[in-house]
Every structure is written in C-alpha cells, then in structure tokens.
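Q:
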Amino acid sequence: MVEFFLYGCATGASLIISYYMVVNSKRNKKLKRIINQQKRILKLVQMSKDIIYCYQIKPEGKFTYLSPSIEKILGKNLVKSCYSDSSIPLQLIHPDDIETIHKKISGEINFDKPIVQRWRNDKGKYIWFEEYATPIYRKGQLVAIQGIIRNIDDKIKFQESLEYKICHDSFTGLYNKEFFLRACEKYNRDINTRAAIIVCDLDNLKITNDTHGHMEGDNLIKETANILNKFSSKNIIVSRIGGDEFALLIVRKSQNFIKEIIEKINNELNYHHEQEVNMNMSIGYAYTESSLGDMDALFRKADKNMYVIKNNKKAI
Numbered sequence: 264m265v266e267f268f269l270y271g272c273a274t275g276a277s278l279i280i281s282y283y284m285v286v287n288s289k290r291n292k293k294l295k296r297i298i299n300q301q302k303r304i305l306k307l308v309q310m311s312k313d314i315i316y317c318y319q320i321k322p323e324g325k326f327t328y329l330s331p332s333i334e335k336i337l338g339k340n341l342v343k344s345c346y347s348d349s350s351i352p353l354q355l356i357h358p359d360d361i362e363t364i365h366k367k368i369s370g371e372i373n374f375d376k377p378i379v380q381r382w383r384n385d386k387g388k389y390i391w392f393e394e395y396a397t398p399i400y401r402k403g404q405l406v407a408i409q410g411i412i413r414n415i416d417d418k419i420k421f422q423e424s425l426e427y428k429i430c431h432d433s434f435t436g437l438y439n440k441e442f443f444l445r446a447c448e449k450y451n452r453d454i455n456t457r458a459a460i461i462v463c464d465l466d467n468l469k470i471t472n473d474t475h476g477h478m479e480g481d482n483l484i485k486e487t488a489n490i491l492n493k494f495s496s497k498n499i500i501v502s503r504i505g506g507d508e509f510a511l512l513i514v515r516k517s518q519n520f521i522k523e524i525i526e527k528i529n530n531e532l533n534y535h536h537e538q539e540v541n542m543n544m545s546i547g548y549a550y551t552e553s554s555l556g557d558m559d560a561l562f563r564k565a566d567k568n569m570y571v572i573k574n575n576k577k578a579i
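One rule links them: number in my numbering = place in the sequence shown (from 1) + 263.
Laid out in structure tokens, this is it:
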C-alpha cells in the first residue's frame, strides 16, 4: 500500500510539474509574442514621418515619448533636448500659436478638432503642422496628452496659392474686381467707417495699341498697376476692375488724405510722362463718412466723376 501511495504521489507531482511547465511555456510564448508585437509597433512609430509623442502633465511636465521624426523636420538632437527640457518645443512655436498650445496643455481646447500650428526649424523657417491630440484623464484630471503632428506645409502653400489666384488679377498682380466688390460689400453691410473709392482709367490706350502695338499697351497697363500698387496698405485696396480701369478702396481715412493720394498718383504719372512714357489717366473719386448702405452709390459716383474728367479732356 505504501508503495502505491508513494507511486501515486510521484505521478501526481510529475503531472503537476508537467502542467506548470506547459503553462509557463505557453505564457512565455504569449509574452514573447507580445514583446515582438510591441517591437514591431515601436519600429513602425519610429519610422513614421509624422511626429508622435506622449507628454505627461502631472505630476510633472515631461515627454515620456517623442519620435525621432522630429529631428528630420526641425533639426538634430531635439529628442534628447526635449527629454531633458520639456519647454524646448514652446521655444520653437510661432508666437501667434503659443496661446493655442498652452490651451491644449491646460485642456481648454476642443480635442475633436485638428490643432494647426507653426514650428521653427533649425534654419529659422516656420513650417505648418496639423496635430490630432488625445487627452488622458485620471480621476477627472488631465494627466497627459498623446498625439500625432503632421507636416502640412505643402498643403498650406497650395491653399495660399489658390487663394491668391482667386483674389488677384493674373496679368498685373493687383487684386481683381471680384475681391474689390467683396471688400466693398463688407463695408456696405457689416462695417461702418469713413470710406472712399478712387476710379482710374487710362486715356487713349486704344491709340497706343494701334500705333505701337498691343505689347506696348500691355506694358502701359502693367506700369500703371506698379505705380498704383505703391499706395497699397492695410487701409487701401488697389485693384484692376477692367481692361484699363483700376480702383482704390480706401477706409478709415479723411477726405484730405484722399486728395493727397490723388495728387501723389498724378505726380507719379507726370514723372513717367517726362521719361517719355505716354501715361495719361483720368481719375475720379467719391467719399463718405458712413459706409453702411452707401458703397454701391459711392462706386457709381466715383465712376461717374472719372468719366466727367475723361470727357472734359476730350473736349479740349
């Protein structure tokens, strides 16, 4: 009986040991698979062109992960520097975007929307980025943020190029008629201020085309555009509204200022005329103290005044 008991114990122990060996073997294989999977994921993350990060906010602000792709875009040794000093990225953010980043860190931003921002690279150039950030909360408190930051510089430049083409006259580089009319409508409907419209029309362009050729006429249009564009500013929109017709929308300025601008334009034209460039132009303007509801009439009045001056020249 003792022999059977001992044999049974030995067999049981052997089975238990075998069971744990099998369990441990399966556990080790599973652990190995997890480790290998994590390595593959980490490799993918590190190979990504996007900047991937995890930033701890509490108990202290620091990066717990920052992908090496940041160095390819912004400059060398940034990963090590950011791990040592987590405030370094703030030194690279465009001044106009810093407030947005602070709001992100404090959780005062809508994390459902992309965060557009500009970073300065090691050559001093600002690059546009789009970030998708995910907040991490613990017990109702924001403790970390992880996100993906993508370079959208080419996308922004393409959009700016399209916007430029939509708003500008391709021949002269001035604002086009559509942009001019939209600007007038803004002051006609939404913003009440002092406003003036100056309408300018080249004299005898047809004669120039017939006598010297259309290339000379085109050069005359471009030269006129260059002269008028000198007066472009925050409060002055210079546009080409027709073949040889130009318009200036001036806001928040006095009537005396408008008269001074017209005098300066005439001085520029006289100078070019003295340089054997046949540049004559009829100029009419209209002014109002209150733009709301008055911009259409203002444009018509300025245009009418221009034609009065042009017809008076023909009568001489």
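C-beta atoms are modelled at their ideal positions from N, C-alpha and C, and glycine is treated no differently.
Could you tell me the alpha carbon to alpha carbon distance between Ile524 and Ile411, rounded to whole angstroms?
A: Ile524 and Ile411: Cα-Cα distance of roughly 51 Å.
Q: Would you report the Cα separation of Thr471 and Val571, rounded to the nearest angstrom?
A: Taking the straight line from one Cα to the other gives about 22 Å.
Q: Is it buried or exposed for Met478, if we count other Cβ within 10 angstroms and need 16 for buried?
A: Result: exposed.
Q: How many Å lie between Ser311 and Lys388 at the Cα?
A: In a straight line, the C-alpha of Ser311 is about 22 Å away from that of Lys388.
Q: Less than 8 Å separating the beta-carbons of Tyr438 and Ile500?
A: Yes.
Q: Which whole-angstrom value is the C-beta distance of Lys440 and Ser496, which I expect to be below 8 Å?
A: Not confirmed; about 20 Å, so no contact.
Q: Once the 5 residues before and after Pro352 are set aside, which same chain residues still bring their CB inside 7 Å of it?
A: If we look at Pro352 and ignore the five residues flanking it on each side, its Cβ neighbours are Cys345.
Q: Among Met544, Ser517, Gln518, whose alpha-carbon lies nearest the alpha-carbon of Asn591?
A: Since the first residue shown for the chain is 264 and the last is 579, residue 591 is missing from the structure and cannot be characterised.
Q: Drop a sphere of 10 angstroms on the beta-carbon of Phe392, count the other beta-carbons inside from all chains shown, and report buried for 16 or more, exposed for fewer.
A: Label assigned to Phe392: buried.
Q: Please identify the residue among Gln380, Asn533, Ile484 whose C-alpha is closest to the C-alpha of Leu465.
A: The option with the nearest alpha carbon to Leu465 is Ile484.
Q: Look up Leu561 in the DSSP assignment and say whether it is helix, strand or coil.
A: Residue state, collapsed to three classes: helix.
Q: On the three-state DSSP scale, how would you describe His535?
A: In this structure, His535 counts as helix in the three-state DSSP scheme.
Q: Quick check on Asn568: does DSSP put it in helix, strand or coil?
A: In the structure shown, Asn568 sits in a helix (DSSP, three-state: H, G or I).
Q: By DSSP's criteria, Gly547 is part of a beta bridge. Which residues make up the other side?
A: The partner list for Gly547 (beta bridge, DSSP) reads Val462.
Q: Apart from the five residues on each side of it in sequence, which residues of its chain come closer than 6 Å, Cβ to Cβ, to Leu468?
A: The answer, listed in chain order, is Gly480, Asp507.
Q: Buried or exposed: Ser330, going by 16 or more other Cβ atoms within 10 Å of its Cβ?
A: It counts as buried.
Q: Do Ile336 and Ile390 count as a contact pair if the criterion is CB distance below 8 Å?
A: Cβ distance < 8 Å, so Ile390 and Ile336 count as in contact.
Q: Can you tell me whether DSSP reads Thr435 as helix, strand or coil?
A: DSSP places Thr435 in coil when its eight states are reduced to three.
Q: DSSP puts Asn373 in a beta bridge; with which residues?
A: Beta-bridge pairing links Asn373 to no other residue.
Q: For the alpha helix (DSSP H) containing Leu555, name the first residue and the last one.
A: It is not in any alpha helix (DSSP H) - Leu555 carries neither H nor E in the DSSP assignment.
Q: According to DSSP, what are the bridge partners of Gln380?
A: Phe392.
Q: May I ask you to report which of helix, strand or coil DSSP gives Arg457?
A: Coil at Arg457, not helix or strand.
Q: What alpha helix (DSSP H) runs, 4 residues minimum, are completely inside the segment 315-345?
A: The qualifying runs are 332-337.
Q: Answer with buried or exposed for Val379, where buried requires no fewer than 16 other C-beta atoms within 10 angstroms of its C-beta.
A: Classification of Val379: exposed, given that the 10 Å Cβ count is below 16.
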